[in-house]
Amino acid sequence: MAMQGRFHYYEGYSMKEVTFPVRVMYELGIKTLFVSNAAGGMNPQFKIGDLMIITDHINFFPEHPLRGKNFPTGPRFPDMHETYDKKLIQLASEIAREKKIRVTYGVYIGLQGPTFETPAEYRMYHLMGADAVGMSTVPEVIVAHHCGIRTFGISVITDLGGFDNPVEVSHEEVQEAANASQPFMTEIMREMIIRSEKVESQKKEKFNTDHPTEEWK
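Right, dumping it as structure tokens:
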């Protein structure tokens, strides 16, 4: 299942609406979620156009996507220690090395937007432990994790902030940088899907051999 775009909190949608597609994915049997976004980089090692594999996130949205009655897809208080699947991160890293695609790693902080960050805000978020900042992803990932869906995320670093020389950024420039890096991100994700399907097929074949009268789930 693939989505073209997403619902953003800054557009006026509630968190229930923002994360509803993930709920649908769960009901359809989706086991793994790949998410991507355009983000502002605060790590001095980053360059515009870098692909940052998300290793963790900071939730800075004013409304929590699990607020309210608990869905039976997961516990009331879900553990968030490995929100981004380590095996998927390792697989993506191997593919990037093979294909000589530069990737970085870092923590993504999610904010409601829709304004871009001030230089002082960039510096503050970096001091808090974030390497990139954006206006999406975190709510969907939290709900996916609550549903038991494995998650892998990539940020395209489309602008840089919080350094000595502030750089003004526009939405058009962000889109341009994202479009330039998209083929590399797509190549990594496509190869991840191909290899994951092979592993799943091998597991199914072994299961059917070992348990000929039982159904693979």
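Taking this note's numbering, I'd label the letters of the sequence shown as residues 570 to 786.
Cβ coordinates follow ideal geometry from the N, Cα and C atoms, glycine included.
For clarity, every value in this text was computed on a predicted model and none was experimentally measured.
Note that the segment 662 to 676 does not touch the segment 584 to 600; fewer than 3 beta-carbon pairs, one per stretch, sit closer than 8 Å. With a 10 Å radius around the Cβ and a threshold of 16 neighbouring Cβ atoms, N606 comes out buried.
Excluding its 5 nearest sequence neighbours in each direction, F753 has C-beta neighbours in its own chain below 7 Å: L620, I670, listed in chain order. Counting only runs of 3+ residues, the beta strand (DSSP E) found wholly inside the segment 578 to 630 occupies 601 to 610, 620 to 628, in chain order. In this structure, D700 keeps its C-beta atom at 8 Å or more from the C-beta atom of I617. Under the criterion of beta carbons closer than 8 Å, G682 and A608 do not qualify as touching, at roughly 12 Å. Sequence-distant Cβ neighbours of F603 in its own chain, meaning closer than 6 Å and more than five residues away, are F721, M758.
In the three-state scheme derived from DSSP, where H, G and I count as helix and E and B as strand, R719 is classed as strand.
I664 is not bridged by DSSP to any residue. Residue nearest to G717 within the set I622, M572, T652, S583 is T652 (criterion: CA-CA distance). For the options M572, E580, A571, the alpha carbon positioned closest to that of L680 is the one of E580.
When the beta-carbon positions are compared, I658 and I599 stay at least 8 Å from each other.
Looking at the backbone, the Cα of R764 and that of R719 are separated by about 15 Å.
Residue environment analysis places L696 among the exposed positions, since fewer than 16 neighbouring C-beta atoms fall within 10 angstroms of its C-beta.
Straight-line measurement puts the Cα of R692 at about 33 Å from the Cα of M572. For the pair P631 and P708, the CB atoms are not nearer than the 8 Å cut-off.
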